[in-house]
Amino acid sequence: MRLSCPFCGPRDSAEFTILGDAGVTRPDPDAPDAPAAFFEAVYLRDNPAGPHREYWYHGAGCRQWLVVGRDTVTHEIFDVTLARRP
Amino acid sequence: MRRSIFSLALNALTGHRLWRPTWRDAVPKPEYDVIIIGGGGHGLATAHYLANVFGIQRVAVLEKSWIGSGNAGRNTTIIRSNYLLPGNNAFYELSMKLWEGLEQELNYNAMVSQRGIVNLYHSDAQRDAYARRGNSMRLHGVDAELLDRDQVRAMVPFLDFDNARFPVKGGLLQRRAGTARHDAVVWGYAAAASRRGVDIVQNCEVTGFIRNGDAVVGVETTRGSIRAPKIAMAVAGNSSRVAALAGLRLPIESHVLQAFVSEAVKPLIPGVVTFGAGHFYVSQSDKGGLVFGGDIDGYNSYAQRGNLPVVEDVAEGGMALMPMIGRIRLLRSWGGIMDMSMDGSPIIDRSPLPGLYLNAGWCYGGFKAIPGSGFCFAHLIAKGEPHPTAAALRLDRFERGYLLDEKGQGAQPNLH
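Written out as structure tokens, the structure reads:
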């Protein structure tokens, strides 16, 4: 598997570390349903077989956090972009 | 035919023409008392204990491919019960005790071989951690011995004891641990369940659930609708996909774990040896191949194959531990899909939907747990309450904060 880093170009996957599902956002701790929302954010995952958006960290390169679109069945990588706040 | 020395002699003298299939490849009926989704070790063991121990014979096991084609055929066949935490300890020891009587119970040679496992330690801190784990095991009636360097050297003299970075300082030994023949475990459970009337249905993939309000009352499959008041999932690797058919999200991610076998060599490694400074474990099969593995690749995957960086990492771990294997050629490598739970421990519980039961989250420790998992899952399904040794393996432990995190890694599945 090779990731095309937007800053460094195509690099071996061993240079990167995965964090996990990029669809997870930190819930509002002051919301009335905060305990349930935090439980979902910390523990529950869609875990799809197919396209998956995930955070990777390019630790042995530009040290940027990236969002990678990747197919979990074929390991095909669709796109790699810089992670940003929505 | 019951297997014995006499049946073997009879068949040997008659040219092996009298053998019959050991289990029945069934056509699904429209209705059962219990449907088990997944014809791997856990599903077939559950069917066996339901039929032979808990007296429920109208049971179907639905397998999307052929039985034992998933993780039951992709593991490294190690059995052990060297766990630290009270919620896990008694459960894995129950499983270990069931392994010890398995072949007599099933009348099938599963080649259970209690050749021992030694977890090596390489620092004072690691020795203390292993002493703590060994003490926890002994408090629960599990055998454990803390070995010093000389005792380890007497067992496995070929290690690189004076490795400059990670010298071997000793190990934690469980003598009752060992290996078993993975396919024979599947076939043995299938045979014992089939003898009691359990229908084992192959090439039958579940494509949806039949609902009655909240309750799950049946499954849609590629071979038609099948109804039952109790539906039990034992599909580790694909738990999230099957649960999604019922609208459930689980605290699980699927990851790929690679394993390797070398060419066959003469008897070399007496038991199971694990490297404490990297992640590498090795045993030797009865055919002579070194069976070994290491870490999961670390990214979500359903691909049943991994990437080369982990192959290199495992090989480096092996070379750091036992440089003598450097000239041995690799015969095969493969990947299996692990149900990585958020605390590294499994789930045997009811689901939030009435009628649906969940057996999932085995991470990469599912093989050793097959008998215990089958027994406790069958107990839950038949009696409606968890077996005492599996009472901590609840689905709601994440929400309630009662995690069973052996490694203390937190909710990061690829670190367990």
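Heads up: the protein sequence lines correspond to chains H and D, in order.
If you're matching positions, the first sequence starts at 193 in this note's numbering and goes up one per residue.
If you're matching positions, the second sequence starts at 6 in this note's numbering and goes up one per residue.
Cβ atoms here follow ideal geometry from the backbone N, Cα and C, with glycine treated the same way.
Interface flag, Y88/D vs chain H, CB-CB below 8 angstroms: no
Amino acids of chain D, ordered along the chain, whose beta-carbon sits closer than 8 angstroms to that of Y235/H: Under a criterion of Cβ atoms nearer than 8 angstroms, the residues of chain D adjacent to Y235/H are, in order, P256, M347, F403, E404 and A416.
Cβ-based burial, V6/D [other Cβ within 10 Å; buried from 16]: Rather than Val, the amino acid found at residue 6/D in this sequence is Met. Flag for M6/D reads exposed.
Simplified DSSP state of Y362/D, which is helix, strand or coil: strand
Distance between beta carbons of A233/H and P219/H, contact taken as under 8 angstroms: About 5 angstroms separates the two Cβ atoms, so the contact holds.
I61/D classed as buried or exposed, judged by whether at least 16 other C-beta atoms fall within 10 angstroms: buried
Contact set between the region 241-272 of chain H and chain D, restricted to residues whose Cβ is under 8 angstroms from the partner: Cβ contacts with chain D: A241, H244, E246, R262, T264, V265, T266 and H267.
Under 9 angstroms from the C-beta of G303/D: neighbouring residues of chain H: Neighbours of G303/D across chain H, judged by C-beta separation under 9 angstroms: T209 and I210.
Straight-line Cα distance separating M193/H from A383/D: 41 angstroms
C-alpha distance - N112/D paired with V260/H, whole-angstrom precision: The C-alpha of N112/D lies about 51 angstroms from the C-alpha of V260/H.
Complete alpha helix (DSSP H) runs within the region 171-241 of chain D (minimum length 4 residues, chain order): 187-200
Closest by C-alpha distance to K174/D, when choosing among K373/D, D133/D, V203/D and N208/D: D133/D
Proximity winner among P351/D, Y54/D, G366/D and Y362/D, relative to N93/D (alpha-carbon distances): P351/D
Residue-level contact to chain H via CB, S245/D, 8 angstroms cutoff: yes
Cutoff 8 angstroms: S230/D Cβ touching any chain H Cβ: no
Beta-carbon contacts of L326/D that lie in its chain and below 7 angstroms, excluding the five residues immediately before and after: L164, D165, F280 and F285
Cut-off 6 angstroms between Cβ atoms - residues of its own chain near G193/D, not counting five sequence neighbours on either side: L111, Y113 and A115
Touching by the beta-carbon criterion (3+ pairs, under 8 angstroms), the region 256-263 of chain D and the region 334-347 of chain D: yes
Unbroken stretches of the beta strand (DSSP E), 3 residues or longer, contained in the region 14-47 of chain D: 39-42
Within 8 angstroms, strictly: CB atoms of V222/D and R216/D: yes
Status (buried if at least 16 other CB within 10 Å, exposed otherwise) for F199/H: exposed
Beta strand (DSSP E) segments (min. 3 residues) lying fully within the region 331-377 of chain D: 335-346, 352-355 and 361-365
Helix, strand or coil at R246/D [DSSP, three-state]: Here R246/D sits in helix by DSSP.
P243/H - DSSP class collapsed to helix/strand/coil: strand
N-terminal and C-terminal residue of the alpha helix (DSSP H) that F96/D is part of: P91 to E105
Short CB-CB distance (under 8 angstroms) between D225/H and chain D: no
Closest by C-alpha distance to I42/D, when choosing among H392/D, L67/D, H53/D and D410/D: Nearest in C-alpha terms to I42/D, of all of H392/D, L67/D, H53/D and D410/D, is L67/D.
Min CB distance A308/D to chain H below 8 angstroms: Yes, because at least one Cβ of chain H sits closer than 8 angstroms to the Cβ of A308/D.
Three-state secondary structure (DSSP) of G311/D: coil
Selected residue, minimal CA-CA separation from E246/H, among G253/H, R237/H, A252/H and C254/H: R237/H
Closer than 8 angstroms at the beta carbon, the chain H residues around S259/D: Within 8 angstroms Cβ-Cβ: N239, A241 and T264.
Cβ neighbours of S290/D in the same chain (closer than 6 angstroms, five flanking residues each side left out): V296
Touch test, the region 368-381 of chain D against the region 82-98 of chain D, Cβ-Cβ under 8 angstroms, three pairs minimum: yes
E268/D (DSSP reduced to helix, strand or coil): If DSSP states are grouped into helix, strand and coil, E268/D belongs with the strands.
Inter-residue CB distance, M345/D and N419/D (contact presumed, cutoff 8 angstroms): 7 angstroms
Helix, strand or coil at H260/D according to DSSP, with G and I counted as helix: Strand.
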